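Numbering (the numbering used here), first residue to last: 363 to 663. Just so it is clear, CB atoms sit at the ideal spot from N, CA and C, and this is done for glycine as well. Small disclaimer: the values here were computed from a predicted structure and weren't measured.
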């Protein structure tokens with residue numbers, strides 16, 4: 363491979379703007395989302411929409427049979443699966459499925475990365491971001507909290523698609539922490555994955571409530587508004603916690619020590635104002651949420 367040089371801002375932006383536009387980012391299973399949110403939705407109506415999507419159907423049945431491993435017999439009925447999982451997990455699955463499939467097209471020419479592990483990390487981060495914000499008392503009326511966590515590393519996928527040589531070199535580098543990853547990206551490409559991902563999502567016309575937390579998920583205190591800081595803080599915590607149970611993503615960084623997330627900037631933003639006893643209660647609640655995620659991920663992807 364010839365020696366690579368850092369790219370100019372203009373070239374980086376031009377390449378990102380030339381990346382394929384993905385339908386899932388503009389309308390994420392809107393029909394299903396509307397049905398799930400509607401108070402008068404019947405399970406049969408939701409099941410009918412799920413049946414139209416073979417990939418979603420397959421993931422749904424795999425998930426219910428993985429999570430509820432104690433069931434006396436395998437679930438093969440969509441209505442029954444909805445009953446066991448509940449509407450929130452159905453919604454999370456419905457959001458993740460088209461995004462994963464679209465992103466797989468984006469990096470389709472790049473085979474030298476563990477994309478399956480990245481998807482596990484991304485979905486786990488999405489689930490845990492939502493849990494963290496809920497425990498911190500930050501409420502969303504929609505799925506923004508989950509979506510931000512789900513797409514926080516989209517910049518890495520864009521890199522594989524539009525900077526394949528630079529991305530190959532990045533995968534060869536030895537890194538210990540997320541900070542190391544960002545430093546290597548800035549050195550080799552010129553932007554890190556958070557900046558690349560935010561620019562890509564912005565060009566898809568996603569709102570700042572998603573774009574800004576993605577941009578600042580490694581440096582949440584730098585986000586320009588408190589609400590963006592809170593969401594970015596939750597993503598930083600979720601990303602770190604998910605890696606602490608061995609779900610690393612693409613890079614073979616060191617596995618963080620259990621409980622080390624309380625040293626992060628994100629913890630201080632969301633929970634730093636609490637008395638020690640209250641903070642410990644929040645930490646225990648987060649650990650409970652974290653411990654159930656590997657089993658969920660095994661079923662989702």
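Minimum Cα-Cα distance from residue 574 among the listed residues 566, 580, 585 and 567 corresponds to 585. DSSP places residue 475 in no alpha helix (DSSP H); its state is neither H nor E.
Comparing alpha-carbon positions, the option among 598, 636 and 614 lying closest to residue 622 turns out to be 598.
Membership of residue 526 in the alpha helix (DSSP H) is indicated by the continuous run 526-534. Remark: fewer than three beta-carbon pairs, one from each stretch, lie closer than 8 angstroms, so the region 555-570 and the region 632-640 are not flagged as touching. Contact between residue 600 and residue 487 holds, since their C-beta atoms are separated by about 5 angstroms, short of 8 angstroms. Taking 8 angstroms as the cut-off, the beta carbon of residue 524 is found no closer than this to the beta carbon of residue 413.
Residue 541 is classed as exposed because its beta carbon has fewer than 16 other beta carbons within 10 Å across all chains shown. Annotated as distal: residue 554 and residue 366, with beta-carbon spacing of 8 angstroms or more. Just so you know, the alpha carbons of residue 520 and residue 639 end up roughly 43 angstroms apart.
Sequence-distant Cβ neighbours of residue 513 in its own chain, meaning closer than 6 angstroms and more than five residues away, do not exist here.
Residue 516 holds the alpha-carbon nearest to the alpha-carbon of residue 556 among 501, 619, 516 and 660.
Cβ-Cβ separation between residue 587 and residue 606: approximately 29 angstroms, too far for a contact (criterion under 8 angstroms). Leaving aside the five residues that flank residue 426 on each side, the residues in its chain whose CB is nearer than 6 angstroms to its CB run, in chain order, 437, 443, 446 and 447. For residue 555, the uninterrupted alpha helix (DSSP H) segment begins and ends at 555-565. The beta carbon of residue 583 sits closer than 7 angstroms to the beta carbons of 591, 627 and 631 from its chain, once the five residues preceding and following it are set aside; these are given in chain order. DSSP places residue 500 in the coil class of the three-state scheme, outside both helix and strand. When the beta-carbon positions are compared, residue 651 and residue 493 come within less than 8 angstroms of each other. By the beta-carbon neighbour count (other beta carbons within 10 angstroms, threshold 16), residue 518 is buried. Rounded to the nearest angstrom, the gap between the Cα atoms of residue 476 and residue 501 is 33 angstroms. Here residue 510 is near residue 491, since their CB atoms are less than 8 angstroms apart.
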